[in-house]
Amino acid sequence: MSFLKQIFAYIAASLLLLLLLVGTMAAINQWQQNSTTAASQQPATAPQAATSPAQPFSPQAPPLTPTAQAEIVKRLTQLETQQAKNIKRLHAVTNLQTAQGTVEITKKDNRWELTNLFTKTRVYRQPILFSPPFTRLPKVMVALQGLQLDKATTLKIEAQNITPQGFELVVTSQSDQRVEQLTSGWLAVEGDS
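Okay, so the sequence shown: first residue is 1 according to full-length UniProt numbering, each after it adds one.
Given below as C-alpha cells:
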C-alpha cells in the first residue's frame, strides 16, 4: 500500500505544481492586461507628465537562454513521461480481478479422507470454482474465520492446485481428533504469473 501512497503523492504534487504554474502565468497575463487597459483609459485632456512605462513591483528576471529553456522542456517531458507510467501502473493495480468466499465444514461432511495411518492424518478437500475464471493464475489466501474442536488438535488449512478456474481448499487434521465445525474465508487476487 505504501507504493500506492507514493504514486498518489507524486501525482498530487505534479498536479499541484502544474496548477501553480498555470495560475502564476494567468496572474501575470491578467496583470499585463490590466496595466495596458489602465494606461489606455486615461483621459486625453488631463495634463500628462513625462512617465516611463509601467514597471512591475519586483525586478524582472532576465530572459531564459535557449539552453535553459531546453533544460526546462527536457525536465518537464521527463516528469510527464514518469507521470504517465505511474498512472498506467496505478490503473493496473486498481483494476485487479478479485474473488472471495467462505466455506463451512462440519463433522457431518463426508469429504474427510484418512490419508496416512502412521501419522493419523485425515484431509478434507473442497473444490472452489471462480466465476468468472481469472485470465491469469491468481494468488489465493485462505484463513480460519471460525473453529470449534472437541479437544486439542493440530490443524492445517491451505489452497492447493490453484488454476485460473479455481482451487482446492485443503484442511488437514489428526484422524483421532474431531473437527466439530470450521469456517474458512478465502480471497483470490489476480497475480503476476
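The beta-carbon is built from N, C-alpha and C at its ideal position, and this holds for glycine as well.
Nothing here was measured: the structure is a model prediction, and the numbers come from that model.
Any idea which residues DSSP pairs residue i with across the strands?
{"i": "Glu190", "result": "Pro138"}
{"i": "Trp112", "result": "Tyr124"}
{"i": "Val171", "result": "Tyr124, Ile157"}
{"i": "Val14", "result": "First, the amino acid is wrong: residue 14 is Ser here, not Val. Answer is none; Ser14 lacks a bridge partner."}
{"i": "Ile105", "result": "Leu182"}
{"i": "Thr163", "result": "Gly166"}
{"i": "Gly23", "result": "Paired residues: none, contrary to the question."}
Return the chain-ordered list of same chain residues with a C-beta closer than 6 Å to the C-beta of residue i, the five sequence neighbours on each side being excluded.
{"i": "Trp188", "result": "One point to set straight first is that residue 188 is Ala, not Trp, in the sequence displayed. For Ala188, where only same-chain residues beyond five positions count, the Cβ hits under 6 Å are Ala99, Pro138, Val140."}
{"i": "Val73", "result": "none"}
{"i": "Val103", "result": "Gln126, Leu169, Ser184"}
With DSSP run on the structure shown, which of helix, strand or coil describes residue i?
{"i": "Ser131", "result": "coil"}
{"i": "Thr81", "result": "helix"}
{"i": "Thr67", "result": "helix"}
{"i": "Leu76", "result": "helix"}
{"i": "Leu144", "result": "strand"}
{"i": "Gln100", "result": "strand"}
{"i": "Leu90", "result": "helix"}
Would you check whether the ligand ATP has a heavy atom nearer than 8 Å to the C-beta of residue i?
{"i": "Ile162", "result": "Questions concerning the ligand ATP fall outside what the structure shown contains, since it holds no ligand whatsoever."}
Tell me which same chain residues have a C-beta within less than 7 Å of the C-beta of residue i, skipping the five on either side of it?
{"i": "Gln174", "result": "Lys120, Thr121, Thr153, Thr154"}
{"i": "Arg111", "result": "Tyr124, Arg125, Gln126"}
Output needed for residue i: all residues of its chain with C-beta closer than 8 Å, excluding positions within five of it in sequence on either side, in chain order.
{"i": "Pro164", "result": "Phe130, Pro133, Phe134, Thr135, Arg136, Leu137, Pro138"}
{"i": "Lys107", "result": "Arg178, Val179, Glu180, Gln181"}
{"i": "Leu64", "result": "Ile72"}
Segment contact flag, the stretch 121-128 with the stretch 163-176, C-beta cutoff 8 Å, min 3 pairs: yes
Stretch pair the stretch 172-188 + the stretch 129-148: three plus CB contacts closer than 8 Å: yes
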